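Student: Have a look at the structure that comes next, please.
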Amino acid sequence: MPRTTRSHTIRGHLVAGGLVDLGLAEAEQKSGPDGHDADGFSLRQTYDAAGTLVVAAGAYGPNWLRTLSELSGRLEQPFVKCTVISEAPGIGDHEVLVRWATSEELQERKRVAEERQAPLKARLREQQSVQRAEEQRQELEDAGQSGLF
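In my numbering, the protein residues as written are 1474 to 1622.
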């Protein structure tokens, strides 16, 4: 059974990421994202299909889609270690379920990130080797040994 996810912990991660907690009541959260002057989020405790206590995080305000994207991106950072589920029964379009990620999910994220960064790392190594060769050639030339080339 997955670990229980508490709203105060998730709130701390989101506030540390620069998002604004609107502190809405559950009835206001379920009414939808419109009608709020400021962009922000609000959390409530709920249960997932397996009966585990999770957090429903909702985005509110005029630009709630951007807020929802920021919220999801922040919670799936490697140091936060959460899983965001956008399609679940009982949540609205402006809400996502948040639970702690399993070890397998974290390992898969790490593998995908490494695959995505592999071409960039290879190109960086290539540029560094070209730069080192140019620096060595320049050192030999400065030492007066350019005639040997």
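Heads up, the beta-carbon is just placed ideally off N, CA and C, and yes, glycines get one too.
As the structure is a prediction and not an experimental result, all values here were calculated from the model.
Residue range of the alpha helix (DSSP H) that residue 1540 falls in?
Tutor: Numbered from 1 along the sequence shown, position 67 holds the residue referred to as residue 1540. Note, residue 1540: alpha helix (DSSP H), 1537 to 1548.
Student: Counting only beta-carbon separations shorter than 9 angstroms, does residue 1555 have a partner in chain B?
Tutor: The structure shown contains no chain B, having only a single protein chain.
Student: Give the DSSP-derived three-state secondary structure of residue 1613 in the structure shown.
Tutor: Residue mapping note: residue 1613 aligns to position 140 of the sequence shown, counting from 1. Three-state DSSP puts residue 1613 in a helix.
Student: On the DSSP bridge list, what partners appear for residue 1516?
Tutor: Here residue 1516 refers to the residue found at position 43 when the sequence shown is read from its first residue. The partner list for residue 1516 (beta bridge, DSSP) reads 1530.
Student: Helix or strand or just coil, what does DSSP make of residue 1482?
Tutor: For this step, residue 1482 is matched to residue 9 along the sequence shown. Here residue 1482 sits in helix by DSSP.
Student: What are the partner residues of residue 1568, as DSSP defines its beta bridges?
Tutor: Looking up residue 1568 in the sequence shown gives position 95. Residue 1568 is bridged to 1531.
Student: Please determine, among 1600, 1514, 1608 and 1601, the residue with the shortest C-alpha to C-alpha distance to residue 1547.
Tutor: As a first step, residue 1547 is located in the sequence shown; it is residue number 74 there, counting from the start. Ranking the options by Cα distance to residue 1547, first place goes to 1514.
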